[in-house]
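Read in order, the letters of the sequence shown correspond to residues 1 to 245 in the UniProt record's numbering.
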Amino acid sequence: MPAQKIETGHNDVVHDLSMDYYGKRVATASSDATIKIIGVGNNSTSQHLATLSGHQGPVWQVAWAHPKFGSALASCSYDGKVIIWKEGNQNEWSQFQVFDHKSSVNSVAWAPHELGFCLACGSSDGNISVYTAQSEGGWDTTKIDQAHPVGVTSVSWAPSMAPGALVGSGVLEPVQKLASGGCDNTVKVWKLYNGNWKMDCFPALQMHSDWVRDVAWAPNLGLPKSTIASASQDGTVVMDRGEGR
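Now the structure itself:
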């Protein structure tokens with residue numbers, strides 16, 4: 001398949017992009033404070049579908065929700081806001097929910113759909129916030145205070161199927177775990193216990209000599225080991241494989 005160049009229409013740096021579940025649309029995040037929704041086809045064509053304006057500063061990251069929750073997108077910005085956008089009529093987007101933070105929000109990540117309509121956010125204030133939509137309306141909010149005291153740069157959810165689930169027996173309960181990277185040069189793993197987030201690896205994974213810029217938890221398909229990759233300002237990428245994590 002030939003490479004396809006997309007003209008986004010942004011007038012500043014593009015920091016992030018996210019492709020929807022079906023591979024039909026791309027959302028882009030830019031320093032011009034907007035998000036563009038672009039339709040992409042198999043014939044190397046693209047079409048501007050919508051511009052989402054609501055942030056007052058650079059937009060760092062965007063993330064599509066699973067389609068079981070409708071057409072929904074999350075964005076985070078230097079302005080301290082996380083916005084969940086929803087599409088009503090085709091290509092008509094509105095702000096469904098806005099969450100305010102004290103500092104720049106640098107990362108947003110949707111939980112595996114088995115865990116519900118649930119979003120994790122990492123902020124420069126050092127905290128991680130997790131918002132879960134309730135069936136009766138409203139949102140349940142849990143927070144990891146000072147997850148990385150100097151600032152959180154990235155968050156990534158673990159697969160909902162626990163390591164070893166396919167080789168074990170019994171009822172499979174979904175697992176709620178997060179990996180986070182921060183300006184303290186560490187990667188940390190968190191698990192939800194009885195409604196509270198607790199650190200799940202001691203000590204923190206200290207594999208870098210500078211800020212951790214991104215973390216990604218690999219799909220494990222229920223196999224015995226899980227893998228977390230981290231990228232750092234020190235120029236390295238580290239693959240950490242944990243038995244039964």
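All C-beta atoms, glycine included, are put in the ideal place defined by N, C-alpha and C.
None of the values given here were measured: they were computed from a predicted structure.
The beta-bridge partner set that DSSP reports for A109 consists of A120. Burial is judged here by how many other beta carbons sit within 10 angstroms of a residue's own beta carbon; R25 has at least 16 and is buried. Sorting C118, A216, N106 and T142 by C-alpha distance to the C-alpha of V150 places N106 at the top. Of N89, A120, D79 and L115, the smallest CA-CA separation from H101 is found for D79. If you draw a straight line from the Cα of D12 to the Cα of E173, it comes to about 45 Å. DSSP, reduced to helix, strand and coil, places K68 within a helical segment of the structure shown. Inter-residue distance for P224 and M161 is about 11 Å (C-alpha atoms, whole angstroms). Inter-residue distance for A147 and A27 is about 28 Å (C-alpha atoms, whole angstroms).
DSSP places E87 in the strand class (E or B) of the three-state scheme. Below 8 Å, too few C-beta pairs join the region 85 to 95 and the region 117 to 132 to call them touching: fewer than three.
Pairing I38 with K177, the inter-Cα distance amounts to about 32 Å. One Cα belongs to S77, the other to H10, and the distance between them is close to 16 Å. Rounded to the nearest angstrom, the Cβ distance from S18 to V62 is 5 Å, consistent with a contact under 8 Å. Around D240, the same chain offers V187, L205, M207, T227, I228, A229 and S230 as residues with beta carbons nearer than 8 Å, after the five sequence neighbours per side are excluded.
Closest in alpha carbon position to S209, among D16, G181 and D200, is G181. Within the same chain, and ignoring the five residues on either side of R213 in sequence, the residues whose Cβ sits closer than 8 Å to its Cβ are T153, S154, G181, A231, S232 and Q233.
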